[in-house]
Amino acid sequence: MHPQHPTLPPQDIPPGVQEVILPSGERALAYSTGPTTPPAAPESPAAQPIPAWAKTTALLAPTVGGGIAIAAVGLSAAAPGLVAVSHLLWSTVAALAAGGAVAAAVIGRVRARITAAQREMQRPHITQHITATGFLGRANGTINHR
């Protein structure tokens, strides 16, 4: 068994010396063969410029939100008028529909009367009787109206 050596606290280890763990599991102090620069403190990330699309979006967001708010206020103020206009439009549609139905009924009655009148009064029946003698003979005829 290997003799136990006291371990030094990290602040007591001189520069250029490191504590290493050997393959056997034993801890030992060893000189460093590389440059002895202390580990650099992590640098804060450099400030990067803000992309143009982000600036544009940031500037447009309050504008769009304000526009929506103003539109909502305008609609709430105009709501009674919009309700009245919608009632007017519905009553206009109803009047047009009723007018169309009345017009269809009137046209149907007029057509029925015309058809009935035409049946009562028959059209005149015209007949013609024409006779001719010979190839270049004179033609005679009669017209009958019934």
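If you count the sequence shown from 1, position 35 lands on 34 in numbering that gives the first Met the number 0, and the numbers rise without skipping.
We treat Cβ as the ideally placed atom computed from N, Cα and C, and that holds for glycine.
query, result
"Span of the alpha helix (DSSP H), counted from its first residue to its last, around I106", "51-119"
"Q47 - DSSP class collapsed to helix/strand/coil", "coil"
"Contact under 7 Å by Cβ, T126 with N139", "no"
"Terminal residues of the beta strand (DSSP E) in which I12 lies", "First-last for I12: undefined, no H or E at that position."
"Contact under 7 Å by Cβ, L17 with A29", "For the sequence presented, residue 17 should be read as Gln rather than Leu. In this structure, A29 lies closer than 7 Å to Q17 by Cβ."
"Collapsed DSSP secondary structure at H144 in the structure displayed", "strand"
"Assumed close pair T141, H128 - CB separation to whole angstroms, cut-off 8 Å", "5 Å"
"DSSP beta-bridge partners of R26", "I20"
"Where the beta strand (DSSP E) containing H124 begins and where it ends", "Counting along the chain, H124 falls outside any beta strand (DSSP E), and DSSP gives it neither H nor E."
"Rounded straight-line distance, which links the Cα of R110 to that of Q117", "11 Å"
"Distance, S31 Cα to L21 Cα", "15 Å"
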